[in-house]
Structure formats: C-alpha cells, structure tokens
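Below is one structure; the comments refer to it alone.
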Amino acid sequence: MDLRVRELIKKIRTDKNITFLLALVAVGVFVAQIVYYVQKGEVFSLKRGFQALFLSVTLFLLFAVLQRITKTGKPFDKTIVTLLRVMAVVVIVGGVLPSCVEVFVVVIRGGIYTIDIANLDIFVPVLGVMIGIFSEIFSYGNDLQEDNDMIA
Amino acid sequence: MAIIVRLDRMMADRKISLNELAERVGMSNVNLSNLKTGKMKGIRFETLDSICDVLDCQPGDILEHQ
Chain U
-14 MDLRVRELIK KIRTDKNITF LLALVAVGVF VAQIVYYVQK GEVFSLKRGF
36 QALFLSVTLF LLFAVLQRIT KTGKPFDKTI VTLLRVMAVV VIVGGVLPSC
86 VEVFVVVIRG GIYTIDIANL DIFVPVLGVM IGIFSEIFSY GNDLQEDNDM
136 IA
Chain B
31 MAIIVRLDRM MADRKISLNE LAERVGMSNV NLSNLKTGKM KGIRFETLDS
81 ICDVLDCQPG DILEHQ
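Order-wise, the sequence lines are chains U and B. Take -14 as the starting number for the first sequence in the numbering used here and just add one per residue. Take 31 as the starting number for the second sequence in the numbering used here and just add one per residue.
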C-alpha cells in the first residue's frame, strides 16, 4: 500500500472513532428528547428529537464510509458512492421532516402554525444537495479508478 | 481489440516464467497475467520499457496490430 494512503488511513481511523462517538451521543439526545416529549408534551422536543435521529443516521453512514476507506484503502469505491447518496437523501429529508412533524403535531392538536418564509432554515437541505453532488464526484472518481486499475 | 499482446510468445522465446518476469519488472503476477491474456485496457510506457529491458526486445515484439 502507498505510504500516503497509509497515512490517510491512520488519520481516518481517529476520525472514524470520533464519528462513532458523536453518532452515539446523537442517539442519546434523540432518546432524551423523545422521553421529554412524552413526559411534558412539548412539540419542540419532538422536533429536536427527530433532528437528533437524522443526525445520528447521517453520522452512522459517515462512520460506514470511513470504515470502508480504512478497510479497502480506496476512497473511490462503489459502496462509498451508494453510502454518500443515501446520506444525501437522509440529510435532505432530515432537514425538512422534523419541521413537518412539528407542524403536523401542532395542527393535529388544533393549534395554528404560522410559517415564516423569511426565517426558513434551508441550510441542512442544501447541505444534503451538496453531499449528493460530492457523491457524483466520487462516482466519477470510481470510474477513473477502475480505468486506472485496467492499465498495467 | 485490434492490438494483441504477444507477451506469451516472447516469454517462451526467452524461457522466462510469469512469476520471474513479474518480479523482475516489479509488478504483480495478477496484473502481468491480465496483461498477457489481453484483459488490460492499456500499458504504461514505463511498464513497457521495463518488460522490454528484461526480455531484451522491442515494443513491437510484444504488441501486434491486426
């Protein structure tokens, strides 16, 4: 294995462990928020809980990506492309769904929910789109890697 | 493909095994075997140079156009 790849894998191993720990923390936050929602009935906790859930799924996917790189030593891999695409969808849905759930619960309870367009948080869905674009770059990288592997 | 790799013929002429050639050229047996059987898409000038050095031949002795 190339020395640069070895050094990269060394760095990634630390990042991988940190990602796994953060994912576990996010799961903890999700559980805590849901328990708080069940006890107090605050819709904001439900929204935060869903956000934590999507964050934990995203972090577990990132962990799987890093795990794959350390195992194969190749960042441009079909599995990584698939994982990044799934991550993009999860981030986009995770950016939209918690707010939708909040609106749904408020409306179900007979309350009125006002949507303030000026303060709409589109950062997370845009981040998801960016991850989607990155996955396409990785897909192109995978094609180039396969081409390179076919040259003696 | 119209380009045919005649590595097996040159190896037989020079009485050199695949393993020995792979070792002397500095590439893996699998890669060299794939090159020999025409499974590879291309060959680097660097690799071709090493093979020609070891087999003491010209690139034209290894590659043929049909």
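Even for Gly, the Cβ is constructed at its ideal location relative to N, Cα and C.
I want to verify the contact list: residues of chain B whose CB lies under 8 Å from the CB of residue i, in sequence order.
{"i": "Ala137/U", "result": "Met57, Asn61, Leu62, Asn64, Leu65, Met70, Gly72, Ile73, Arg74 and Thr77"}
{"i": "Asp132/U", "result": "Lys71"}
Using the beta-carbon count (16 or more within 10 Å), is residue i buried or exposed?
{"i": "Gln18/U", "result": "buried"}
{"i": "Arg33/U", "result": "buried"}
{"i": "Leu25/U", "result": "The sequence given here has Lys at residue 25/U, not Leu. Burial call: exposed."}
{"i": "Ala32/B", "result": "exposed"}
{"i": "Val35/B", "result": "buried"}
{"i": "Ile93/U", "result": "exposed"}
{"i": "Asp128/U", "result": "exposed"}
{"i": "Gly113/U", "result": "buried"}
{"i": "Ile77/U", "result": "buried"}
{"i": "Phe61/U", "result": "buried"}
{"i": "Leu(-12)/U", "result": "exposed"}
{"i": "Thr4/U", "result": "buried"}
Going along chain B, which residues have a C-beta under 9 Å from residue i?
{"i": "Asp128/U", "result": "The contacting residues do not exist; Asp128/U stays about 12 Å from chain B at best."}
Between the beta-carbon of residue i and the beta-carbon of residue j, is there less than 7 Å?
{"i": "Val75/U", "j": "Val42/U", "result": "yes"}
{"i": "Phe139/U", "j": "Leu69/U", "result": "One cannot answer for residue 139/U here, as it falls past the ends of chain U, which runs -14 to 137."}
{"i": "Gly126/U", "j": "Ala73/U", "result": "no"}
{"i": "Gly79/U", "j": "Phe39/U", "result": "yes"}
{"i": "Met115/U", "j": "Met70/B", "result": "no"}
{"i": "Thr64/U", "j": "Arg53/U", "result": "yes"}
{"i": "Val90/U", "j": "Val28/U", "result": "yes"}
{"i": "Leu78/B", "j": "Leu62/B", "result": "no"}
{"i": "Ile(-3)/U", "j": "Thr55/U", "result": "yes"}
{"i": "Ser80/B", "j": "Val60/B", "result": "no"}
{"i": "Phe35/U", "j": "Val86/U", "result": "yes"}
{"i": "Ala137/U", "j": "Leu65/B", "result": "yes"}
{"i": "Tyr98/U", "j": "Val109/U", "result": "no"}
{"i": "Leu51/U", "j": "Lys1/U", "result": "yes"}
{"i": "Ala37/U", "j": "Ala8/U", "result": "no"}
Quick check: does the Cβ of residue i come within less than 6 Å of any heavy atom belonging to the ligand FMN?
{"i": "Val91/U", "result": "With respect to small molecules bound, the structure shown includes none, and the ligand FMN cannot be examined in it."}
**OP:** Say whether the segment 37 to 53 of chain B touches the segment 78 to 86 of chain B, bearing in mind that this needs 3 or more beta-carbon pairs closer than 8 Å, one atom from each stretch.
**Re:** yes
Original post:
Three or more beta-carbon pairs under 8 Å between the segment 44 to 52 of chain U and the segment 102 to 113 of chain U, yes or no?
Top reply: no
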